[in-house]
Amino acid sequence: MNVESLVRVEDKLYYNRYLVDIGHPHVKVRAHTTPSPQLLALLKACPARCYELNDDGQVEITVDGCIECGTCRVIAEPTGDIEWSHPRGGYGVQFKFG
Amino acid sequence: MIEERFDAIVVGAGMAGNAAALTMAKRGMKVLQLERGEYPGSKNVQGAILYADMMEKLVPEFREEAPLERHLIEQRFWMMDDRSHVGMHYRSDDFNEERPNRYTIIRAQFDKWFSSKVREAGVTLLCETTVTELVRGERERIVGVRTDRRDGEIHADVVVLAEGVNGLLGTRAGLRARPRPDNVALAVKEMHFLPRETIEARFNLRGDEGVVIEAAGTISRGMTGMGFIYANKECISLGIGCLVADFQRTSQTPYGLLDQFKRHPSVAPLIAGSEVKEYSAHLIPEGGYKSIPQLYGEGWVVVGDAAQLNNAVHREGSNLAMTSGRIAAEAIGLVKSRGEPVSAANLSIYKKMLDDSFVIKDLKKYKDLPPLMHTQSQNFFLTYPQLISKAMQNFVRVDGTPKAEKEKATLKSFVRARSWTGLFGDACRFARAWR
């Protein structure tokens, strides 16, 4: 995980417009002690870098910058590692161009 | 529960949903359309190219009204290695016609306009409404939807699932499987703004002429994937996509690929000095014919990306979405005009009509290509582009080597990389899958 790529993605997300549904994350990571290969894959595959490793080596999600592509659903929902749904009506990313 | 009863509920206001809602409303049906975004288009992501023929069937006057970017007069295919590209360009003044065939569009803007036509036709649109569940009635029949609004249950004779590639309702209700990582590609895209004169000069365009570039090769680092560059009026849509299974396997990052594509010496001058105004990502159905799910049932049909209807070879998705939406609506209209129930048996006419259209015929033609590209990605996206680039350089570089020796060296590099049987096998497999 290099710092350079972290900065770059956050810069990209800054262009976008979001209506964050505070307190209602639409994607949740199941509690775990050791992350599964699927969860670890999300650290790299998520285009918004919503998934991060915490200090205890577990995968955490912050959905604020999510661009709702569904990649994590395809990878980690079948194993039960994440719970995935759409944001509530009106919330989430609002594309100006799409 | 909302007491008002509808002939049809359409979930989603993308290309497929708008086509379906519009077609049913034009036939006098009472239609409710539900969209989870703030406005129609706010959740929709595409390259994007609009195909006029399919749009004309829905809104004949769209050319005068819709927010279109550029009509396409040129298509470029680039096979790229790290420092070069081998290109095949097709440009024709024939495409400067009265009624152009293809346009670049910006989806959020186009969809807003498309939706205004849908509402003009009498459709009731509710935005900022996420449908959470399908409601079942007697004998497992779908009789309506539940939304995240208060009193959110709404009933209708039929539900049109135009919920996009991530459609949750269909999978939650067990109507179709969740897309597999090897059946969807993740594409990331940026919108690069430049003065229109700059775009026209860099792409060799006059007025509203447009060009698209589709690129493959080492830019996807051995994964099955493609890059694209579409010229709009005052911005350039630039992106790259690869199979989700490949991202999972290789631990490559999508934004890493995108930035590398932008820095490629063939690409960088095209976007130099641009201002980026949006970063988006989207899944693209890539499984083709073999991944199409059950398309209809008791009180429901599925259309567009939700039904995996995308031609990955020709990069056509929105026209399959529009056409499947329209055909599903026509099928529903037919059933209802006969006064018959919207049952699975009666809705099977949707599949028959779709089978007879270009949608299924085209997907059937390429049914073996996705698996070939996915299993041979190293060869098709890494080895061959490098070999072809080297061959071209060998061909054009003048260094005193006799031409016969140059040709021999090129041939040898191909055989060394893939062997005679490998080359022959690849050619046969490709021809068979294309046929």
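From first to last, the protein sequence lines are chains A and B. Each residue of the first sequence is one higher than the one before, counting from 1 in our numbering. Each residue of the second sequence is one higher than the one before, counting from 1 in our numbering. Ideal Cβ positions, reconstructed from N, Cα and C, are used throughout, including at glycine.
In the DSSP assignment, B:F228 falls outside any alpha helix (DSSP H) and lies within the beta strand (DSSP E) extending over G225 to A231.
Taking C-beta atoms as the reference points, A:G70 and B:N166 count as a pair closer than 7 Å. What A:H86 touches in chain B, judged by beta-carbon distance under 7 Å, is R36, T130 and L168, going in chain order. Here B:G273 is exposed. Its C-beta has fewer than 16 other C-beta atoms within 10 Å. At least one beta carbon of chain A lies nearer than 7 Å to the beta carbon of B:F247.
For the segment 248-263 of chain B, the set of positions with a beta-carbon nearer than 9 Å to some beta-carbon of chain A reads Q248, R249, T250, S251, Q252, T253, P254, Y255, G256, L258 and D259 in chain order.
Between B:G288 and B:P370, the C-beta spacing is below 7 Å. Looking at the backbone, the Cα of B:P60 and that of B:D111 are separated by about 16 Å. One thing to note: B:A215 has its Cβ within 7 Å of the Cβ of B:G227. With its beta carbon at least 7 Å from every one in chain B, A:K28 lies outside the interface. Counting of Cβ neighbours within 10 angstroms places B:S291 among the buried residues, the total reaching 16 or more.
Neighbours of B:V244 across chain A, judged by C-beta separation under 8 Å: A45, T71, V74 and I75. Scanning its chain for C-beta atoms nearer than 7 Å, with the 5 sequence neighbours on each side dropped, one finds around B:A108 the residues G41, S42 and N44, in chain order.
DSSP places B:Q33 in the strand class (E or B) of the three-state scheme. Around the beta carbon of A:G65, a 10 Å sphere encloses 16 or more other beta carbons of the protein chains shown; the residue is thus reported as buried. For the segment 95-107 of chain B, the beta-carbon criterion of a distance under 7 Å to any beta-carbon of chain A is satisfied by I106 and R107.
Checking the DSSP bridge columns, you'll see B:R102 partnered with B:Y51.
Following the DSSP letters along the chain, one finds B:F414 inside the alpha helix (DSSP H) bounded by residues K403 to R418.
With fewer than 16 other beta carbons inside 10 angstroms of its own, B:W434 counts as exposed. Counted as a single uninterrupted DSSP element, the beta strand (DSSP E) harbouring B:D157 occupies residues E153 to L161.
Beta-bridge analysis with DSSP links B:S348 to no other residue. In this structure, B:I49 sits near B:R102, with a CB-CB distance shorter than 7 Å.
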